[in-house]
Each structure stands twice: as C-alpha cells, then as structure tokens.
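Student: Got a structure for you, questions after.
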Amino acid sequence: QVQLVESGGGLVQAGGSLRLSCGASGGTFNLHRMGWFRQAPGKERENVAAVTWTVGSTWYANAVKGRFTISRDKGKNTAYLQMNGLKPEDTAVYYCAVAITVGEWNYWGQGTQVTVSS
939 QVQLVESGGG
949 LVQAGGSLRL
959 SCGASGGTFN
969 LHRMGWFRQA
979 PGKERENVAA
989 VTWTVGSTWY
999 ANAVKGRFTI
1009 SRDKGKNTAY
1019 LQMNGLKPED
1029 TAVYYCAVAI
1039 TVGEWNYWGQ
1049 GTQVTVSS
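The opening residue of the sequence shown carries number 939 in the working numbering; numbering runs sequentially from there.
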C-alpha cells in the first residue's frame, strides 16, 4: 500500500508559478512511474505529466508542454510539478498518482486545488 500526500496548491495570478509536491510512503520500493493529473469542474480527469521512477524519463500533455516540469527525488520519494506561465485554464484540482504496474495508475493522492486568476 502506497500513501501519497500532495502540497503546494493555491491561488496565483495568470503568468505566475506554483510548485506542487507529492510525497510517497509505504510500498515505494517498486514504484514504476509517478504522474500528475488534474480535473477541472465539469471536465474529465486528465494526465498532464508523468515521470518514470528509475530512469526519470518524462511525458507531458500538449496543453502544458513548455510550461510545466515534472521531476522526482528518489531519496525523498517525492515528485514535483513546477508550473510556470500559469493560465486561468490551468485551474483545477491536481492529483498525483503512482504506478506499480505497467499500464495502470494504482494509488492516488487526495488532490490539491490550483486556482489561476485572470
């Protein structure tokens, strides 16, 4: 069982920056990937970024490419999402997730609200 705790959300003006953190505890010895998702009101949850735990390869959704950066600190079992150039359409609840198995996100955090004002 993996437990995830997110932090770092908040209210920011358009063009501003935030950094989200996701700390993992429990069965972290077999992590495959960590990812960040978001869900805006009335919309489906979408994957915005992911990183492979061992190698550190990254993936980004087109909507955030060039503005968001995902990273991980293996020693701290923590993943980060640096968000720059924030836009009002980035407003959502952001969730981190971990994959123990390939092709499936197995554990989820509780979510942290990000609000970008225009």
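Here a beta-carbon is modelled for each residue, glycine too, at the ideal position from N, C-alpha and C.
Just so it is clear, the structure is predicted and the values come from calculations on it, not from any experiment.
Return the CA-CA distance between VAL988 and THR1050, expressed in angstroms with no decimal places.
Tutor: The question names Val, yet the displayed sequence has Ala at residue 988. Answer to the nearest angstrom: the Cα atoms are 17 Å apart.
Student: In angstroms with no decimal places, state the Cα-to-Cα distance between CYS1034 and GLY961.
Tutor: The alpha-carbon atoms of CYS1034 and GLY961 are separated by roughly 9 Å.
Student: Do PRO1026 and ALA952 count as a contact pair if the criterion is CB distance below 8 Å?
Tutor: yes
Student: Relative to the C-alpha of ASP1028, which candidate in LEU956, GLN939 and VAL943 has its C-alpha closest?
Tutor: LEU956
Student: For ILE1038, which residues in the same chain have their Cβ closer than 8 Å to its Cβ, ignoring the five residues on either side in sequence?
Tutor: VAL940, GLY965, ASN968, LEU969, HIS970, ASN1044 and TYR1045
Student: Just the Cα atoms here: how many angstroms apart are VAL1031 and VAL1054?
Tutor: 11 Å
Student: Give the single residue among GLY1047, SER959, VAL943 and VAL1040 whose Cα lies nearest to the Cα of THR1007.
Tutor: SER959
Student: Going by Cα to Cα distance, which pick from VAL1040, SER1056, VAL950 and THR1016 is closest to TRP974?
Tutor: Ranking VAL1040, SER1056, VAL950 and THR1016 by Cα distance to TRP974 puts THR1016 first.
Student: Return the first residue and the last residue of the beta strand (DSSP E) that VAL989 is part of.
Tutor: Where VAL989 is concerned, the enclosing beta strand (DSSP E) stretches over 984 to 990.
Student: Alpha carbon to alpha carbon, what distance is there between LEU942 and VAL1040?
Tutor: 19 Å
Student: Check for me: the beta strand (DSSP E) holding HIS1038 runs from which residue to which?
Tutor: Reading off the sequence, residue 1038 comes out as Ile, not His. Taken as a continuous stretch (DSSP letters only), ILE1038 belongs to no beta strand (DSSP E), as it is neither H nor E.
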